[in-house]
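Here is the structure we will look at, set down as structure tokens.
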Amino acid sequence: MPTTASPAHALADVTASDSTLRRFLHGLPGVDAVGLEARAASLGTRSIKTTAKAYAIDLAISMVDLTTLEGADTPGKVRALGAKAVHPDPTDRTAPATAAVCVYPDMVATAKEAVAGSGVKVASVATAFPAGRAALDVKLADVRDAVAAGADEIDMVIDRGAFLAGKYLKVYDEIVAVKEACGTSARLKVIFETGELSTYDNIRRASWVGMLAGADFIKTSTGKVAVNATPANTLLMLEAVRDFRAQTGVQVGVKPAGGIRTTKDAIKFLVLVNETAGEDWLDNHWFRFGASSLLNDLLMQRQKLATGRYSGPDYVTVD
Amino acid sequence: MSEKTEKTDLRLSVFKTYKLYVGGKFPRSESGRVYEVTDSKGNWLANAPQSSRKDARDAVVAARKAFGAWSGATAYNRGQILYRIAEMLEGRREQFVREVADAEGLSKSKAAAQVDAAIDRWVWYAGWTDKISQVVGGANPVAGPFFNLSSPEPTGVVAVVAPQESSFLGLVSVIAPVIATGNTAIVIASEKSPLPALSLGEVLATSDLPGGVVNVLSGRTAEIAAPLAAHQDVNAIDLAGADEVLAKELEIAAADNLKRVLRPQAVDNWSATPGTERMTAFLETKTVWHPTGSLGASGSSY
Amino acid sequence: MASVFEYAPAPESRSVVDIAPSYGLFIDGEFVEAADGKVFKTVSPSTEEVLSEVAQAGEADVDRAVKAARKAFEKWSALPGSERAKYLFRIARIIQERSRELAVLETLDNGKPIKETRDADLPLVAAHFFYYAGWADKLDHAGFGANPRPLGVAGQVIPWNFPLLMLAWKIAPALATGNTVVLKPAETTPLSALFFADICRQAGLPKGVVNILPGYGDTGAALVSHPDVNKVAFTGSTAVGKEIARTVAGTRKKLTLELGGKGANIVFDDAPIDQAVEGIVTGIFFNQGQVCCAGSRLLVQESIQDELLDSLKRRLSTLRLGDPLDKNTDIGAINSAEQLARITALTEQGEAEGAERWSPACELPSSGYWFAPTLFTNVTQAHTIARDEIFGPVLSVLTFRTPDEAVAKANNTQYGLSAGIWTEKGSRILAVANKLRAGVVWSNTFNKFDPTSPFGGYKESGFGREGGRHGLEAYLDV
């Protein structure tokens, strides 16, 4: 599996200039908001039971980017998070590890230590997260720091101001530069902050800008604004990665982040993946949940399936 | 025309050859047939064309051809034209008073009342063209994020069996509501008293009404109505002037393409202000849905 | 569809519904046997299991039921509207209370997926009664003049595709306006109407106001030709609709007909493609395509044909066909062997006439009546499958080059029930909607229904409207 998106040759000339990129993005099919949300809601009525549920819960656990992005983060907090990512359920070692821990750049080294040898990745937000309001040099330095500290993945934010001002090529160039700063060792997740882009048409356009610029993942949100991941905006991004692969042969991952707190929610997202992008994305290399409290609910539901009893918060770890 | 024969001066009056009105033109019946029209006392008034099935078919073609532009015209424009018909009639009031008096055996003053009422009826319907949609259509508050609007649209080509007794006021009372809303009409004039209807054609032709919107046929009602009721390109039929037996036959024939049928109703007094029923009988309701923005469940409503 | 994420069976429990081994006719508030003792069996189309044995109404029963309805009419029509309203509100509430039971029942008797009966049919049924309940004491303000009068006894004949919903569309406005009812459900789906009879009893509805007569076409014919019926309402095939129109010719019976269709779903090159694909799927595969207003003709702009068909085929491959009681089933069973034979014959004709047939890989259950979702490409206006109503999960794909051509093709049918338009250009939506000769036009959506929204056809799709203020007219002497 390629870990890095190669330049999409079929669409190489799209990014030749500001105007070609604008024409391309504005030529993408429109999104009818009501229809999109109706489709997401309809997939949300799938009833996932018994064996399918057990599969989905383990898959979801393995897709979690266990996240702490607080001003109050300390090495102790990050170490605890790392330990949990490696062995989410202290009472049941068959529970899969999460995909990654996600921290600020200055916590990358600590996190690396905490998950060393486990296969759990360390992801770091960068580029003046969450606002992204800094000079490009500052953003790139932020990225290089994190990569140098050993980050396996970089979660960058796009310049929403530039995007909303119609300066798509600026957004694109910045992603390209960050991608370059990631080098070959780190995969790049591009955060759109969909809640600030406000329209579905914008989310679709941002998805294409990100993919054209070489994103390994496109990600909904920072978790720091009022509206984060929703079934509808994730569905829309899944359609984008599906269509992008059909046109270019390049597969890009999707990461909804923020607001996904329950097993029921997580399974709805997996249904969206399964029935939109397809089973090629049902793998933590291609789909992630940016979440913190979700993991405990997944673990409680997992215990319920194993024992037949409903679990409680005292039987999972607080961090 | 009895008056004409009574003229005492030496000048011989000029008779009018009454013709059909089809597609904006004044053809004779393609069959070449005419029949004698007499006044209420049996005196000869004129020879009227006796339309054939072929004339009926031609009229359907003309009415269909006219439907697109007429139904697509603005309601305001249709109103202006209907009002123009009233204006033109007003100018030929005396002629129609004479013809109605002859046709229905009325005194001049009673005939004049009929003609005046008929002129006023055009005015009444002229005002309806741009109001009926607001009265019978509207927005529907569906339980979901959708804009939903019902609007009336004309049914299409309507065959009208005009009333047999009220040769002019009754006639106008059944034609005007059909065309006010954008339908086109094929009218079978009163069999016994077709002359006011045929003269009306001359008025319509000079009222900016596009040719084919109203087509007037005279002749044997049953003979003309039968092919119209069975015609697959006629969308509706008004049976006002059909007797019970004929009405049933026509309604059965009309079922072949599910024409909208307005059954004959007893009308004591054509002068009474009509309701909207004659318009709504030949209107379809079209309901159009469109998504609005969502209710913001996703924070992104557009 | 073998997948790494295989959904385990998730069947809705049958135990919420208790189907008796036999049912009578519902006349004058009582369940009674047919005068001649005739019965027929109703089966579950997904398994061919016999669900129950139902009394079959004959002419004598029709006469009895009409007499009961006539007798009840006097008092029912004289009730204050506010009192009639309360009966209807009661019915709406009891339907909500029993909606899971009724959804399962409908799925068993009809074969449609529980997802649809649970999320579409039953909520709409309750909403319809709730809506018309509110009209009962406001008829003076409905735009039909002061104190509009009911017609009398309504004879109503409904189809099998939405048994309880069609019952609601017929009975709710009839009762709200003060009429009494004799209703014949379809012979393949009589059960929900008989459960509704029980709901009428629970609601304390006066005897004779609603009478339910299961039976075949001859029962319906006897009902619509009964001389003491004042109003005939029929939903079903155009052929039967014409027969009924001939039957009532020359009488004073008021007639409304909701008949067949061959709806065009028009997709322009600037459509919101992903939503259009969903709309196409909803348009023709909702209820296995057994919907009079189905978007059975896809008119796609030639310039995006390949792209759209690829998306559509990919989407069809995710449809889940199987046990209608499974909550994840998208496509259920065809309602009857007879209907399956009709669909089969028409699709065979489509192939014989040279259209190209495609279905996703799809395993059909071994018992019951099933038909895989089917797509025909290379279809022209001259093909039978582009003209005849198939009433099954079969989509005919045609192309067009310009909006004018799209409109011309869409209107080139004897029907005129529904149409769809997909484009992001507002003025094009309005212009095309204006020119389509169809009673319901869905733009950038499809198959949406609401009790406030009038529904009905142009041309041979019938006349009269059901739903909304417009729906009152059919039951008033105006």
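Chains as they are written, first to last, in the UniProt record's numbering: chain A, 1 to 319; chain B, 1 to 302; chain C, 1 to 478. Beta carbons: idealized from backbone N, C-alpha and C, even for Gly. All of these numbers come straight from a predicted model, not from anything done at the bench.
Chain C contact for residue i (CB, 7 Å cutoff)
{"i": "leucine 305/A", "result": "no"}
{"i": "glycine 44/A", "result": "no"}
{"i": "lysine 248/B", "result": "yes"}
{"i": "arginine 53/B", "result": "no"}
{"i": "alanine 255/B", "result": "yes"}
{"i": "leucine 69/A", "result": "no"}
Cβ-Cβ distance between residue i and residue j below 7 Å
{"i": "proline 227/B", "j": "alanine 56/B", "result": "yes"}
{"i": "leucine 169/A", "j": "isoleucine 203/A", "result": "no"}
{"i": "serine 192/C", "j": "leucine 105/C", "result": "yes"}
{"i": "tyrosine 458/C", "j": "arginine 437/C", "result": "yes"}
{"i": "threonine 221/B", "j": "alanine 63/B", "result": "no"}
{"i": "glutamate 153/B", "j": "lysine 286/B", "result": "yes"}
{"i": "glycine 368/C", "j": "glutamate 48/C", "result": "yes"}
{"i": "glutamine 290/C", "j": "aspartate 269/C", "result": "no"}
{"i": "glycine 332/C", "j": "cysteine 293/C", "result": "no"}
{"i": "alanine 453/C", "j": "asparagine 148/B", "result": "The displayed chain sequence assigns serine, not alanine, to residue 453/C. The answer is yes: Cβ separation under 7 Å."}
{"i": "glycine 132/A", "j": "valine 157/A", "result": "yes"}
{"i": "alanine 197/B", "j": "alanine 205/B", "result": "no"}
{"i": "leucine 298/C", "j": "asparagine 328/C", "result": "no"}
{"i": "alanine 65/C", "j": "alanine 92/C", "result": "no"}
Beta-carbon neighbours of residue i, restricted to chain A and to distances below 9 Å
{"i": "proline 141/B", "result": "Residues of chain A passing the Cβ test: none, with the nearest at roughly 16 Å."}
Any chain B beta carbon closer than 7 Å to residue i
{"i": "serine 311/A", "result": "no"}
{"i": "alanine 291/A", "result": "no"}
{"i": "alanine 33/A", "result": "yes"}
{"i": "proline 190/C", "result": "no"}
{"i": "tyrosine 315/A", "result": "no"}
{"i": "tyrosine 475/C", "result": "no"}
Closer than 8 Å at the beta carbon, the chain B residues around residue i
{"i": "asparagine 444/C", "result": "His290 and Pro291"}
{"i": "lysine 448/C", "result": "Val142, Gly144, Phe146 and Trp289"}
{"i": "valine 441/C", "result": "Lys286, Thr287, Val288 and Trp289"}
{"i": "proline 148/C", "result": "Per Cβ cutoff of 8 Å: no residues; proline 148/C is ~12 Å from chain B at best."}
Own chain partners of residue i with C-beta closer than 6 Å, once the 5 adjacent residues on each side are dropped
{"i": "cysteine 102/A", "result": "Asp65, Thr67 and Ala123"}
{"i": "alanine 123/B", "result": "Going by the sequence as given, residue 123/B is valine instead of alanine. Excluding positions up to five away in sequence, the list reads Ala86."}
{"i": "glycine 258/A", "result": "Ser221, Gly223, Asn228 and Ala229"}
{"i": "methionine 1/C", "result": "Here methionine 1/C scores only 43 on pLDDT, less than 50, and its place in the model should not be relied on; the value that follows carries that caveat. Contacts found: none."}
{"i": "serine 311/A", "result": "Met300, Gln303 and Lys304"}
{"i": "serine 207/A", "result": "Ile218, Met237 and Ala240"}
Nearest to residue i (by Cα), restricted to the options the options
{"i": "alanine 146/A", "options": "Leu59/A, Lys53/A, Phe129/A and Val108/A", "result": "Val108/A"}
{"i": "proline 159/C", "options": "Val397/C, Lys38/C, Val232/C and Thr189/C", "result": "Thr189/C"}
{"i": "serine 118/A", "options": "Ala131/A, Thr127/A, Ala149/A and Gly82/A", "result": "Gly82/A"}
{"i": "threonine 230/A", "options": "Arg205/A, Asp173/A, Ala291/A and Ala181/A", "result": "Ala291/A"}
{"i": "residue 384/A", "options": "Leu164/A, Arg39/A, Ala33/A and Asp18/A", "result": "Here chain A covers residues 1 to 319 and nothing more, so residue 384/A does not appear."}
{"i": "glutamate 284/B", "options": "Ser336/C, Gln288/C, Asn211/C and Val441/C", "result": "Val441/C"}
Residue-chain proximity (residue i, chain A), Cβ-Cβ < 7 Å
{"i": "aspartate 306/C", "result": "no"}
{"i": "proline 145/B", "result": "yes"}
{"i": "glutamine 275/C", "result": "yes"}
{"i": "alanine 10/C", "result": "yes"}
{"i": "glutamate 302/C", "result": "no"}
Chain-ordered chain C contacts of residue i [CB-CB under 7 Å]
{"i": "alanine 95/A", "result": "Result: empty, since nearest Cβ-Cβ is about 19 Å, beyond 7 Å."}
{"i": "alanine 232/A", "result": "The contacting residues do not exist; alanine 232/A stays about 11 Å from chain C at best."}
{"i": "residue 306/B", "result": "Because chain B spans 1 through 302 in this model, residue 306/B falls outside it and cannot be assessed."}
Beta-carbon contacts of residue i that lie in its chain and below 8 Å, excluding the five residues immediately before and after
{"i": "valine 62/C", "result": "Val182, Leu213, Thr219, Ala222, Leu223 and His226"}
{"i": "threonine 20/A", "result": "Asp13 and Val14"}
{"i": "lysine 115/C", "result": "Lys327, Asn328, Thr329 and Asp330"}
7 Å Cβ shell around residue i - same chain, five flanking residues per side excluded
{"i": "glutamine 202/C", "result": "Ile94"}
{"i": "methionine 1/A", "result": "For methionine 1/A, the predicted model reports a pLDDT of 39, less than 50, meaning its position is unreliable; a value from the coordinates is still stated below. Contacts found: His285."}
Chain-ordered chain A contacts of residue i [CB-CB under 7 Å]
{"i": "glutamate 424/C", "result": "Gly30"}
Chain A contact residues for residue i, given Cβ-Cβ distances below 8 Å
{"i": "lysine 115/C", "result": "Thr45"}
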